[in-house]
Amino acid sequence: MTDNSDIQAALDSRDWSGAEVVNDRPRAKIVHSVRLPAEWSEALEAEADRRGTNPSRLMQDYILAGLQRDSAAPEGIVTISRAALHQALDAALTNAA
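Per UniProt numbering, the sequence shown runs over residues 1 to 97.
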């Protein structure tokens with residue numbers, strides 16, 4: 001176990017002359033809980049493993065990307081999946097006939 005003299009010796013052995021004092025405290029992080037279906041959770045964990053990260057960090061990346069995309073999109077533009085587009089077109093054509 002490390003005692004106080006070991007800690008002090010480690011601190012004394014460093015050159016702190018170029019150090020900068022930062023008084024600003026980082027903003028608090030807020031926890032938001034989400035429940036996912038098992039298959040989504042498994043896919044999230046697999047993708048996080050593939051990227052060499054953890055599911056929490058991957059969700060943060062996804063949320064940030066979504067927020068940035070939404071804020072960059074012109075007002076009134078909505079992004080939908082190709083499958084949803086095809087369903088909407090099929091429904092419109094069926095109703096028009």
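Positions of the beta carbon are idealized from the N, C-alpha and C atoms, including for glycine.
Which residue marks the beginning of the alpha helix (DSSP H) containing residue i, and which one marks its end?
{"i": "Leu89", "result": "82 to 96"}
{"i": "Asp70", "result": "55 to 72"}
{"i": "Leu44", "result": "38 to 51"}
{"i": "Ser5", "result": "4 to 12"}
Does the distance from the CB of residue i to the CB of residue j come in under 8 angstroms?
{"i": "Arg58", "j": "Glu47", "result": "In the sequence as displayed, the identity of residue 58 is Leu instead of Arg. Their beta carbons are under 8 angstroms apart, which means Leu58 touches Glu47 by this criterion."}
{"i": "Pro55", "j": "Glu45", "result": "yes"}
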